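Asker:
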Amino acid sequence: MQTTNSIRESFISFFEKKSHKQANSSSVISKDDPSLMFVNAGMNQFKDIFLGYQKPDFKRVVNSQKCLRVSGKHNDLDQVGHDTYHHTFFEMLGNWSFGDYGKEKAIEYAWEFLVKICGLEKSRIYVTVFNGNKEDNISKDEETFNLWKSYLPDDNILYFDKDDNFWEMGDTGPCGPSTEIHYDNRNISEINKISGREIVNKNHPEVIEIWNIVFINYNRSLAGKLSDLSTLYIDTGMGLERLAMIMQKKKSNYDIDIFQSIIRKITDDYKLNYGSEKKIDIALRVIADHARAAVFSISDGLIPSNNKSGYVIRRIIRRASRYAYTDLEIKEPCIFKLVDTIAKIYSTTYNEIGENLEMIKNLILSEEKMFLKTLSLGLKRINKYFTDKTNISGDQIFELYDTYGFPYDLTKDILIEKGLVPDEKNFKKALDIQKNRSRSVGKTIIGDWTVVSDMKSSGFIGYDILEMTVRIIRYRQVEKANKKIFQIVLDQTPFYPKSGGQVADKGVIKNKTEKIKILDVKKENNIVVHDVDQLPEDLAKELVASVNIERRHLISINHTATHILHNVLRKNIGVHVQQKGSFLDENYLRFDFSNNDSISKDDLLDIENSVNDIIYKNYTIKIEEIDLKEAKDRGAIMLFEEKYQDKVRVVSFHDSVELCGGTHVKSTSEIGLLKIVKETSVSSGIRRIEAITSKAAFNFLNQIESSSKKITEFIKEKNFDLAVDKMIYNYSSNHKQLIEVKSSLIRHKFESKINSLSDDLIVVSELDFVNVKDLKQLGPILFNKNLDNEIILFFVKDNDKYSIMIYVPKKYQMKFQADILIKKITKKFGGGGGGNKSIAFAGGLSRISEKIIIDFLKK
Numbered sequence: 019m020q021t022t023n024s025i026r027e028s029f030i031s032f033f034e035k036k037s038h039k040q041a042n043s044s045s046v047i048s049k050d051d052p053s054l055m056f057v058n059a060g061m062n063q064f065k066d067i068f069l070g071y072q073k074p075d076f077k078r079v080v081n082s083q084k085c086l087r088v089s090g091k092h093n094d095l096d097q098v099g100h101d102t103y104h105h106t107f108f109e110m111l112g113n114w115s116f117g118d119y120g121k122e123k124a125i126e127y128a129w130e131f132l133v134k135i136c137g138l139e140k141s142r143i144y145v146t147v148f149n150g151n152k153e154d155n156i157s158k159d160e161e162t163f164n165l166w167k168s169y170l171p172d173d174n175i176l177y178f179d180k181d182d183n184f185w186e187m188g189d190t191g192p193c194g195p196s197t198e199i200h201y202d203n204r205n206i207s208e209i210n211k212i213s214g215r216e217i218v219n220k221n222h223p224e225v226i227e228i229w230n231i232v233f234i235n236y237n238r239s240l241a242g243k244l245s246d247l248s249t250l251y252i253d254t255g256m257g258l259e260r261l262a263m264i265m266q267k268k269k270s271n272y273d274i275d276i277f278q279s280i281i282r283k284i285t286d287d288y289k290l291n292y293g294s295e296k297k298i299d300i301a302l303r304v305i306a307d308h309a310r311a312a313v314f315s316i317s318d319g320l321i322p323s324n325n326k327s328g329y330v331i332r333r334i335i336r337r338a339s340r341y342a343y344t345d346l347e348i349k350e351p352c353i354f355k356l357v358d359t360i361a362k363i364y365s366t367t368y369n370e371i372g373e374n375l376e377m378i379k380n381l382i383l384s385e386e387k388m389f390l391k392t393l394s395l396g397l398k399r400i401n402k403y404f405t406d407k408t409n410i411s412g413d414q415i416f417e418l419y420d421t422y423g424f425p426y427d428l429t430k431d432i433l434i435e436k437g438l439v440p441d442e443k444n445f446k447k448a449l450d451i452q453k454n455r456s457r458s459v460g461k462t463i464i465g466d467w468t469v470v471s472d473m474k475s476s477g478f479i480g481y482d483i484l485e486m487t488v489r490i491i492r493y494r495q496v497e498k499a500n501k502k503i504f505q506i507v508l509d510q511t512p513f514y515p516k517s518g519g520q521v522a523d524k525g526v527i528k529n530k531t532e533k534i535k536i537l538d539v540k541k542e543n544n545i546v547v548h549d550v551d552q553l554p555e556d557l558a559k560e561l562v563a564s565v566n567i568e569r570r571h572l573i574s575i576n577h578t579a580t581h582i583l584h585n586v587l588r589k590n591i592g593v594h595v596q597q598k599g600s601f602l603d604e605n606y607l608r609f610d611f612s613n614n615d616s617i618s619k620d621d622l623l624d625i626e627n628s629v630n631d632i633i634y635k636n637y638t639i640k641i642e643e644i645d646l647k648e649a650k651d652r653g654a655i656m657l658f659e660e661k662y663q664d665k666v667r668v669v670s671f672h673d674s675v676e677l678c679g680g681t682h683v684k685s686t687s688e689i690g691l692l693k694i695v696k697e698t699s700v701s702s703g704i705r706r707i708e709a710i711t712s713k714a715a716f717n718f719l720n721q722i723e724s725s726s727k728k729i730t731e732f733i734k735e736k737n738f739d740l741a742v743d744k745m746i747y748n749y750s751s752n753h754k755q756l757i758e759v760k761s762s763l764i765r766h767k768f769e770s771k772i773n774s775l776s777d778d779l780i781v782v783s784e785l786d787f788v789n790v791k792d793l794k795q796l797g798p799i800l801f802n803k804n805l806d807n808e809i810i811l812f813f814v815k816d817n818d819k820y821s822i823m824i825y826v827p828k829k830y831q832m833k834f835q836a837d838i839l840i841k842k843i844t845k846k847f848g849g850g851g852g853g854n855k856s857i858a859f860a861g862g863l864s865r866i867s868e869k870i871i872i873d874f875l876k877k
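For the sequence shown, my numbering assigns the number 19 to the initial residue and increments by one for each residue that follows.
1) If you draw a straight line from the alpha carbon of residue 182 to that of residue 56, how long is it in whole angstroms?
2) Does residue 785 come out as helix, strand or coil in the three-state DSSP assignment?
3) Tell me where the alpha helix (DSSP H) around residue 812 begins and ends.
4) CA-CA distance, residue 176 and residue 264?
5) Rounded to whole angstroms, what's the CA-CA distance from residue 687 to residue 486? Just pull it up for me.
6) Pull up the distance between the alpha-carbon of residue 899 and that of residue 557, whole angstroms please.
7) The beta strand (DSSP E) that contains residue 200, what's its start and end?
8) Can you give me the C-alpha to C-alpha distance between residue 856 and residue 239, rounded to a whole angstrom?
9) What does a CB cutoff of less than 7 Å around residue 550 pick up in its chain, not counting 5 residues either side in sequence?
10) Are there 16 or more other CB atoms within 10 angstroms of the CB of residue 871, so buried, or fewer, so exposed?
11) Nearest by alpha-carbon distance to residue 381: which of 146, 632 and 336 is it?
12) State buried or exposed for residue 110, treating a residue as buried only when at least 16 other CB atoms are found within 10 Å of its CB.
13) In whole angstroms, what separates the C-alpha of residue 814 from that of residue 784?
14) Taking the alpha carbon of residue 945 as the point to measure from, which residue in 846, 867 and 488 has its own alpha carbon closest?
15) Using 8 Å as the threshold, is the region 694-707 in touch with the region 564-577, meaning 3 or more CB pairs across them?
16) Going by C-alpha to C-alpha distance, which of 713, 78, 680 and 863 sits closest to residue 254?
17) Within 8 Å of any Cβ in chain D, is that where the Cβ of residue 384 sits?
18) Pull up the DSSP beta-bridge partners for residue 858, would you.
19) Considering just the uninterrupted stretch of the alpha helix (DSSP H) at residue 253, what are its terminal residues?
20) Does DSSP classify residue 458 as helix, strand or coil?
21) Helix or strand or just coil, what does DSSP make of residue 224?
22) For residue 301 versus residue 356, is the C-beta distance shorter than 8 Å?
23) Just to confirm my understanding: we take residue 744, look at its own chain, exclude 5 residues before and 5 after, and list those with CB closer than 7 Å. What are they?
24) Mapping the DSSP letters down to three states, classify residue 215 as helix, strand or coil.
25) I need the boundaries of the beta strand (DSSP E) containing residue 177, first residue and last residue.
26) Could you name the residues that DSSP lists as bridge partners for residue 163?
27) Mark residue 854 as exposed unless 16 or more other C-beta atoms lie within 10 angstroms of its C-beta, in which case mark it buried.
28) Excluding the five sequence neighbours on either side, which residues of its own chain have a C-beta within less than 6 Å of the C-beta of residue 19, listed in chain order?
29) Roughly how far, in whole angstroms, is the beta-carbon of residue 625 from the beta-carbon of residue 694, given that I think they are within contact range, below 8 Å?
30) Counting C-beta neighbours from all protein chains within 10 Å, is the total for residue 167 16 or more, i.e. buried, or is it exposed?
31) So which of 463, 532, 394 and 527 has the shortest CA-CA distance to residue 498?
32) For residue 139, count neighbouring Cβ atoms within 10 angstroms of its own Cβ and tell me buried if that reaches 16, exposed if not.
33) Across which residues does DSSP place residue 709 in a beta bridge pair?
34) Tell me whether residue 766 is buried or exposed, calling it buried when 16 or more other Cβ atoms sit within 10 Å of its Cβ.
35) Quick one: is residue 153 buried, meaning 16 or more other Cβ sit within 10 Å of its Cβ, or exposed?
36) Taking the alpha-carbon of residue 821 as reference, which of 850, 846, 803 and 839 has the nearest alpha-carbon?
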C-alpha cells in the first residue's frame with residue numbers, strides 16, 4: 019500500500035519532471051491577506067501573481083499546501099466527522115502555470131498522473147465542464163469538453179453551471195471556468211445498479227471530486243462585469259487525503275494510514291473500538307481531525323485565544339474535547355496526547371511540528387483543562403434547571419452559553435437525548451441582542467470564564483456595607499480597543515453594579531501586598547461582573563473589597579435628586595410625565611421623560627425652585643422591601659419596560675413612592691442644592707433635563723460669578739449685559755479676517771512642504787500645521803503641482819486618530835491607484851475614505867507613523 023506521505027512525494031516528483039519548481043507550503047495562517055483568516059487553498063500564496071501585483075519567479079510551480087477551512091465561505095467544520103471526506107485541516111496538492119501552458123497540457127498532466135502514475139481506473143473517472151452563463155455572456159466551454167474526449171467517452175463528461183464549474187477569488191478579481199475530476203469509488207455491484215454519471219455532484223460519499231483545474235482568464239470588476247485577462251493562468255488543487263483514500267482502496271478518508279494512526283492512539287489509550295458504534299466513530303473522526311488542525315495551526319505560530327483566528331483554534335480544540343467528554347466518556351484532557359503521534363507522521367515533511375512539540379502539547383493541554391471545568395459547571399447548571407421544570411428555555415440556553423461558556427450544540431445534544439426540542443428561536447434572539455449590543459459599543463473580544471472556585475455568589479450586598487472580605491470565584495480576559503482587562507466574579511460584593519441609570523461603584527480589592535482597582539461593575543445574567551486591570555497573584559486568597567465612599571455618596575445624592583425631580587415634574591408639568599431613561603454618576607444627573615413641548619425658562623426655574631424646596635425641608639428617605647401588590651396599592655411609580663419580582667424595593671419620601679434598586683442618601687438635605695443646566699429634545703415626545711447637585715452645583719455658580727467679573731473687567735463695562743453685547747460684536751468682525759489670514763498661511767506652508775520633499779519613490783510626511791478640515795482643501799494644490807516622480811502621502815493627527823491624503827502620479831497609475839491604496843491602508847489601519855486614481859482621502863485611522871506607512875506601502 020502506498021502511504022499518504024509517498025503519494026505526496028510522487029505528485030511533487032511527477033511535476034518536477036514536467037519542469038515545475040517546487041514551492042514550499044506557506045503558513046496555514048493568512049498573514050498578508052486581510053480577506054482571509056486562514057489559507058484555504060493552494061493558490062492563496064500566488065494571489066498577487068494572479069492580481070498582477072507580482073511577477074512569478076517561475077512559470078511552472080508545484081507544491082503541497084497546508085489548508086484550513088473553518089471560517090467564512092469555505093467552512094467545512096459542521097461536516098467534519100459526520101461524513102467520510104470533509105476536514106478542517108487538509109493538504110492541497112497543486113500545480114500552476116503562470117502564462118506558460120494552457121488547457122491542453124493541464125488536462126494531459128492530470129490524466130497522466132492519475133491513470134499512469136496512480137493507477138486509477140479510467141472507467142471510474144468522470145469530469146465536469148462549465149456550461150456557460152448568459153448573465154456573464156460566456157458560452158459553454160466546448161474546448162475543454164473536446165479535449166477530454168481524447169481520454170474519456172462522452173458519457174463520462176458532464177456540463178455543470180456556474181456554481182460548480184466557475185471559480186472566483188472573491189467578489190472582484192481574477193476568475194475563470196474550471197473542470198473538475200470526480201472518481202467513482204463504489205463497489206462494482208453498486209456501479210452496475212446506477213451509473214456514476216447520475217450521482218456526480220450529488221453529495222454521494224463515494225462519488226467525489228478529487229481534482230479541480232481552473233482556467234483563470236477573466237477579471238471581474240466592482241460593477242460585476244467580466245473582462246479578458248492578457249494571460250491565461252492554470253490553477254489546480256487536489257485533496258491529498260481524498261487521493262490517498264482511493265489509492266489505499268478505502269471508503270473513507272479517515273480509514274487512510276495517517277488518520278488511522280491518530281485514531282489508533284485514542285482507542286489504545288482508552289480501550290475503544292473504531293467501527294463498533296456510529297456515535298463513537300463520529301467522535302473519533304472529529305478528535306483525529308481537530309487534533310491535526312490544532313497541531314498544524316499552533317506549529318505555525320497561532321495561539322488559542324478569544325481573538326479572531328485564535329478563537330477558531332480554541333473552538334476546534336473545545337469541539338474535540340466536547341466529543342471526547344460526551345460521546346467517549348473521556349473526562350480528562352486527551353487531545354494533547356495525540357501531538358507526538360501527529361508529529362511522527364509528518365516529521366519528514368513539516369519539521370516545524372517537531373521543533374515546537376512541547377509548546378504545542380502544553381497549549382492544547384491548558385485549553386483542555388480550562389474547558390473541562392466549563393463543561394462540568396455547565397452540566398451541573400443544566401441539572402439544576404431540570405429540577406425546576408421539564409425543559410429549558412431559550413434564555414436559559416443563552417445563559418449557559420454566555421455566562422458559563424457552555425456550547426449551544428452541546429446543550430442541544432443533551433436536550434435531544436432527553437427527547438426534548440431545544441428552544442433555538444429564543445436562544446438566537448438573545449444571541450442577536452447581545453451581538454447588536456456588542457457592535458454598538460465597539461469591537462470587544464470577550465474570553466471564556468475560568469473557574470477558580472465552585473462557591474456560589476451572593477451578588478451585591480453593599481447598600482450599607484461598603485467594605486467586606488471577598489473571594490474570586492471565576493475570571494475571564496476582555497480586550498477592547500487594544501486594551502486588555504480582566505473580569506472577575508466575587509463570592510459577595512459591596513460594589514453596586516451599573517443598573518437603572520446609576521453608574522457602577524469604583525474602589526479597590528486588596529490584600530497585604532496588592533491593591534487592584536475596580537474599573538467597572540455590571541450585571542450579566544444575574545451575576546455581578548467586576549472589571550479590573552490586573553489579577554492578584556494568588557487567585558484563591560481572601561481579599562478585602564472597599565468601595566470609594568465619597569464617590570458612592572455623590573452618586574447617591576444624584577439618584578435621590580432624580581427621584582425628587584421626577585416627583586416635581588409630575589406635579590408641575592402633569593401626570594402624563596413618565597420616566598423614559600436616566601443617567602447619573604458622581605458629577606451630574608440626566609433625566610429623560612415623556613412630554614411633547616419644550617419647557618420654558620420660567621417653568622424650568624419653577625421646577626428648580628420646587629426641587630430645592632423639597633431638599634431644604636429635609637425629608638427622610640425611607641427604603642423597604644414589600645410585596646409587589648402592596649407597592650401597587652400604594653401607588654408606587656414603576657417603569658413600564660421593567661420586570662419585577664414578587665418582592666420589590668421601594669424608595670419613598672414625602673408623597674413620592676417609586677420602585678428602585680439604586681443607592682440613596684438618608685435625607686433630602688444631604689443633596690444641598692440642585693441646578694438645572696440644560697433642557698433639550700431627545701426624540702419626538704421625549705425631553706431631557708440635565709442637572710448638577712451638591713458641590714458641583716455650588717462650584718458651577720461660583721464659576722459663573724467669576725466669569726462674569728472677568729468679562730466686565732476686560733470689556734471695561736460694569737453692566738454685564740452690555741459687556742456681553744460688545745464682546746459678540748468684536749468677535750464677529752475679527753473672525754472673518756482671521757480665517758482669510760489662516761488660509762493664506764496654510765497654503766504658503768503647504769507649498770513650501772511640497773517643494774522640500776525628497777526624491778524617493780514613496781514620500782510620507784506629517785502636516786503639523788493644519789487640521790482635518792483643512793486637509794481636503796489642500797488636494798487641488800497638490801494635484802496642480804503635476805509632480806510625476808513620487809507617490810506622496812500626507813497625514814494629519816486629530817486627537818488619537820489620523821486623516822490622510824495620497825497622491826499617485828499618472829505614470830504609476832497602471833500599477834497603483836490612489837483610491838485602491840486608500841482602501842488597502844484603511845483595511846490595515848481602520849477608518850474609511852475614497853477618491854480617484856490620482857488623489858484620495860481617508861479619516862479615522864489609528865496607529866500610524868511615517869515609518870509604518872512607508873513599510874506598508876513598500877509591501
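Where is the CB? At the ideal position from N, CA and C, for every residue including glycine. These numbers were taken from a predicted model, which means no experiment stands behind them.
Answerer: Inspection of the coordinates gives the following:
1) 23 Å
2) coil
3) Per DSSP, residue 812 belongs to no alpha helix (DSSP H); it is in the beta strand (DSSP E), 809-816.
4) 22 Å
5) 29 Å
6) Because the chain is modelled from 19 through 877, residue 899 falls outside the range shown and cannot be assessed.
7) 191-202
8) 19 Å
9) 503, 504, 506, 534, 535, 536 and 537
10) buried
11) 336
12) buried
13) 6 Å
14) The structure shown does not extend to residue 945, since the chain spans only 19 to 877, so no value can be given for it.
15) no
16) 78
17) In the structure shown, chain D cannot be found, because there is only a single protein chain.
18) 824 and 853
19) Segment 244-257 is the beta strand (DSSP E) holding residue 253; no alpha helix (DSSP H) there.
20) In this prediction, residue 458 scores a pLDDT of 49, lower than 50, which makes its location untrustworthy; no coordinate-derived value is stated.
21) coil
22) no
23) 733 and 735
24) helix
25) 175-178
26) Looking at the DSSP assignment, residue 163 forms no beta bridge with any residue, so it has no partner.
27) exposed
28) 266
29) 7 Å
30) exposed
31) 463
32) exposed
33) 607 and 694
34) exposed
35) exposed
36) 850
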